[in-house]
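All remarks here apply to the structure that follows.
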Amino acid sequence: MPIPLPEFLLYAISLSYAPVITRLVFYFANDNVPILRRLNGFAGRLELSLGWVRDYFMIPLSLYVLGLRIYGWIEVSGYAFPLEFFPFGLSLYARWWRWHGLAILHEFARLNPKVHPSEFMEHLYARLGFLPHPVPKRGTKFIDPNHLDFRKNKPPRKSFLILLHGLYDSFLFTTLAYKASRWGGADYIKTAGSGLSLIWATRLAQVARMEVIVEKSPEAKTVKGGKQIFAITHKSFSDFCLAPLVYFKENADGSAASFMPRIMVAKDHFKDNLFLHRIVGFGRMLESWGMVFVDRKSKALNKAKSAVNQTVQKILSSDMTFSIYPQGTRSWGQFERDGSRWDAGYFCVGKKARLKKEGGHFKMGVAYIAVETALGLLRHKFGNLVWIIPIGMDGPGTACPKGSSKIQTETKIVIKVGVPIVINTEEVKKLEGSQYQELVNNVARKIDKALQQLLETQARLERRFFTDLREIVNQRDMDEVAVALKEWRMEGEAVYAILDCIYALKQKHWRPFLTELANLLRHECSKEELLGLRTKIADCF
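In the numbering used here, the protein residues as written are 83 to 623.
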């Protein structure tokens with residue numbers, strides 16, 4: 083006996099196609115009426131967010147129900163015509179309409195990379211609504227990538243909803259970028275994807291009500307030719323989001339040039355993570371751009387060498403730049419005494435084993451990649467220069483530190499682009515034996531030092547240390563500490579790594595560890611004693 087299919091189910095299905103059906107009715111209308119424009123934008127949001135879910139569900143379901151009807155296993159009372167064709171046809175039309183609309187929008191992004199994010203989002207939603215919405219070839223409102231200011235001069239607030247909003251918009255932009263790669267191929271994604279990445283960065287800054295300033299050294303502005311490697315500090319996921327503001331390049335007509343670099347990213351984050359790979363779409367987008375995925379959890383002995391070789395091959399085989407985060411993971415967030423966020427550290431990176439290790443904050447991969455790239459240029463005669471461009475970011479740890487799911491609004495972020503470090507092929511021409519490793523170590527030290535100078539790490543920690551020390555020791559002891567610290571300043575990271583880690587701990591640990599550090603400095607401690615204190619601090623993480 084056939085099973086009746088409830089009519090209300092058909093009505094519910096039809097309701098989900100309201101924007102699509104209405105679009106057919108209003109095909110020759112326009113969106114000049116304000117109330118219709120707002121409704122059209124709302125319908126476009128629904129279609130963009132949920133339409134693909136509806137269609138992926140309804141196309142196979144319609145075919146399945148049609149098959150059941152043919153076999154006589156179900157019936158739809160009152161309807162002789164196979165009603166399954168109705169949602170099936172609408173789904174195909176909706177998919178075509180979305181695909182066509184997205185194609186227009188990523189072309190708009192390619193031509194207008196500096197368009198204001200509000201204007202871009204308005205066109206995106208309106209184009210997928212129920213009214214015809216022509217997207218102009220050129221935008222009307224633009225931003226300055228070197229200085230964004232979306233602050234509203236209101237008290238800062240921390241909100242999980244802002245994070246969700248950012249994730250939603252990131253889903254939209256990764257979908258656009260992925261569709262652009264499918265639609266135009268590898269060459270097209272270089273320019274369209276670059277334009278989308280800049281608009282994505284400005285959109286996220288707008289959602290979080292940030293001020294973002296990009297400061298480039300004169301030397302960084304004149305870098306031309308050779309192979310370029312960006313070495314960026316890593317305080318928050320927002321480092322990755324805002325980086326396109328640094329990379330940005332445009333053609334004479336204002337359209338996007340190919341500026342997005344290849345990036346070394348964590349495989350466990352962007353490829354193995356179902357949420358980031360498929361749902362938000364970061365992983366699919368990065369795959370389509372040919373990014374380098376590193377398996378951080380692999381225990382293979384040659385995994386680091388394999389990652390370096392893979393990266394160097396990609397750098398040498400294309401004209402794209404390369405970007406890497408030498409710290410390997412985000413540094414821990416730090417706080418003021420009143421509990422407010424104090425950005426994030428530089429040395430306090432990773433788990434306990436790295437925190438205890440001298441130099442554990444810096445991974446050598448970027449130095450190996452730079453030297454191997456120079457050797458590759460020498461072998462293949464592609465050029466003679468490798469530029470390593472250090473980039474330090476102040477403020478991302480205040481916006482959203484590691485371990486937090488809340489974005490803080492009204493944050494000021496300053497992105498500082500330092501003086502490039504240059505490797506000439508002449509330097510690697512006659513490397514023998516230990517000279518190779520010496521050059522790698524030297525390059526790593528230069529990058530590490532450049533990043534610290536951009537962030538003013540030593541001065542920042544010293545100011546905080548002496549401010550807090552006034553409440554712990556007397557003036558005479560403070561003077562002794564100051565003299566000792568001046569001597570240690572030239573010895574590298576020892577004291578500063580300890581201070582950096584202390585301020586990443588809970589406040590109850592600050593006074594005991596600051597007192598112990600002050601006593602060690604006053605009594606002319608050895609480096610081993612400082613490492614012992616660093617181990618004790620790391621065990622508190």
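Beta carbons: idealized from backbone N, C-alpha and C, even for Gly.
Asked	Found
Simplified DSSP state of PHE255, which is helix, strand or coil	helix
Segment contact, 8 Å Cβ cut-off, at least three pairs: the region 260 to 267 with the region 314 to 323	no
Alpha-carbon spacing of MET140 relative to ASP354, whole angstroms	28 Å
Residue from ARG285, GLU562 and PHE547 with nearest C-alpha to PRO195	ARG285
Cβ neighbours of LYS240 in the same chain (closer than 6 Å, five flanking residues each side left out)	LYS488 and GLN490
Three-state class that DSSP yields for GLY415 in the structure shown	strand
For GLY211, the nearest candidate out of ASP226, ARG220, GLY183 and PRO199 (CA to CA)	GLY183
Three-state secondary structure (DSSP) of ALA426	strand
THR284 at chain D interface by Cβ criterion, 8 Å	You won't find chain D in this structure, because it holds only one protein chain.
8 Å contact criterion, which PRO478 and LYS317 should meet: CB distance rounded	4 Å
Inside the region 479 to 511 only - beta strand (DSSP E) runs reaching at least 3 residues	494 to 499 and 503 to 506
Residue burial classification, THR315 (beta-carbon count within 10 angstroms, cutoff 16)	buried
Exposure label - THR507; buried when at least 16 CB within 10 Å	buried
Span separating the alpha-carbon of ARG461 from that of ILE451	15 Å
For ASP335 and VAL431, the rounded distance between their alpha carbons	43 Å
Three-state secondary structure assigned by DSSP to THR409	Contrary to the premise, residue 409 reads as Gln rather than Thr in this sequence. Coil, per DSSP.
Expected contact under 8 Å - CB spacing of PHE255 and TRP282 to nearest Å	4 Å
Residue environment, GLY427, which counts as buried when at least 16 other CB atoms sit within 10 Å	buried
N-terminal and C-terminal residue of the beta strand (DSSP E) that ILE314 is part of	309 to 314
contact_flag[the region 577 to 588, the region 615 to 623] where n(CB pairs < 8 Å) is 3 or more	yes
Of the listed residues ILE186, HIS198, LYS445 and LYS387, nearest to GLY410 (C-alpha basis)	LYS445
ILE495 versus GLY171 - alpha carbon distance	49 Å
Rounded straight-line distance, which links the Cα of ILE397 to that of PRO300	25 Å
Spatial distance of GLU611 from HIS247 (CA atoms)	48 Å
Coarse secondary structure for LEU587, derived from DSSP in three states	coil
Three-state class that DSSP yields for TRP371 in the structure shown	coil
DSSP state of ARG233 mapped onto helix, strand, coil	coil
ILE505 versus THR617: straight-line alpha-carbon distance, rounded	36 Å
Unbroken beta strand (DSSP E) run spanning PRO472, endpoints	467 to 476
Limits of the unbroken beta strand (DSSP E) element including VAL197	Element bounds for VAL197: n/a, residue is neither H nor E.
Which listed residue (MET560, LEU613 and PHE330) has its alpha carbon closest to that of GLY442	LEU613
Entirely enclosed beta strand (DSSP E) segments - the region 277 to 356, minimum 3 residues	293 to 298, 309 to 314 and 344 to 348
Unbroken alpha helix (DSSP H) run spanning ASN228, endpoints	Taken as a continuous stretch (DSSP letters only), ASN228 belongs to no alpha helix (DSSP H), as it is neither H nor E.
Nearest to SER400 (by Cα), restricted to the options LYS528, PHE464 and SER337	PHE464
Reference ALA302, options GLU201, ARG209, TRP469 and PRO216, closest by Cα	TRP469
According to DSSP, residues forming a beta bridge with VAL107	For VAL107, which the question treats as bridged, DSSP gives no partner whatsoever.
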